[in-house]
Amino acid sequence: MDHKSFINSLIFEYVNASEVERAFQLELEGFPPEEAFTLERYTYIQKAAPTLLLGAYLSDSSSTSSSKLLIGFIMATLADAPKFTKESMSYHNPFGKTVCIHTVCVDKLYQRRGVALYMLKEYIKRLKNESQNKDVDSKYERIALISHKHLIPLYQKAGFILKGESEIVYGNEQWLDFEFQANWTNYLLCLVN
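Its first residue numbered 172, the sequence shown is counted upward by one per residue in our numbering.
Below, the structure written as structure tokens:
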């Protein structure tokens, strides 16, 4: 299957409770142990913020049933702070205006095929749609995340702006702060690039 056909075959759905363990396993395989969340944390976020846990799925054509395989996901919570903080990593504030992305994870078998970028664009598009359907006081103002240096190009392609070194110490490497300003009217330009 060529790249375009592969990307177009992806199905995006919110991760349900029965798929939380699969998401957790993907993180364990893709992140150093000191950076991975616990299964309990995944379960909490799926219950507290189900529309902030989006999965990328491949249809299992080898199966006689119409099953699908979770190959990647993005997990986030809401916070009051204008940037990603240690506190925002600990709980979900349903009234927060900052979407704090904790994890962007793709199964090792499907990495370097554009899945993460396509997932981020779909995620931002869904946040835009959700935000536009809310009253003024509930709209998302920004999306924040922290990342390692080697992922700068990915997040910049998705429309995020590098803000500098993060104050957060998590694991053994230096983290960088990224932000996506929720200027939804200009977002279509980002999707085209």
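Beta carbons are placed, not taken as given, at the ideal position from N, Cα and C, and that holds for glycine.
All values derive from a computational prediction rather than experimental measurement.
Keeping to the same chain, check which residues put their C-beta closer than 8 angstroms to that of residue i; ignore five residues upstream and five downstream.
i: A329; result: L288, L291, K292, I295, F351 and C361
i: L199; result: A207
Quick one: what does DSSP say residue i is sitting in, helix, strand or coil?
i: N364; result: Because N364 carries a pLDDT of 30, less than 50, the predicted location of this residue cannot be relied on, and no value is offered for it.
i: Y294; result: helix
i: T356; result: Bear in mind that the predicted position of T356 carries a pLDDT of just 45, short of 50, making it unreliable; the figure below should be weighed with that in mind. In this structure, T356 counts as helix in the three-state DSSP scheme.
i: P312; result: Looking at the sequence itself, residue 312 is Glu, so the reference to Pro does not match. Note: E312 maps to coil in three-state DSSP.
i: G201; result: helix
i: Y185; result: strand
Would you list the one or two residues that DSSP bridges to residue i?
i: A250; result: T269
i: V340; result: Per DSSP, none; premise fails for V340.
Tell me which same chain residues have a C-beta within less than 6 angstroms of the C-beta of residue i, skipping the five on either side of it?
i: I242; result: A227, L229, D278 and Y281
i: N364; result: With a pLDDT of 30 at N364, under the threshold of 50, the predicted position of this residue should be treated as unreliable, though the coordinate-derived value follows. Excluding positions up to five away in sequence, the list is empty.
Rounded to the nearest angstrom, what separates residue i and residue j at their Cα positions?
i: V270; j: A220; result: 11 angstroms
i: S318; j: Y326; result: 9 angstroms
i: A188; j: N264; result: 20 angstroms
i: Y213; j: A315; result: 19 angstroms
i: P204; j: F195; result: 12 angstroms
i: P253; j: N343; result: 25 angstroms
If residue i sits next to residue j, beta carbons under 8 angstroms apart, how far is it from one beta carbon to the other, in whole angstroms?
i: L225; j: Y185; result: 6 angstroms
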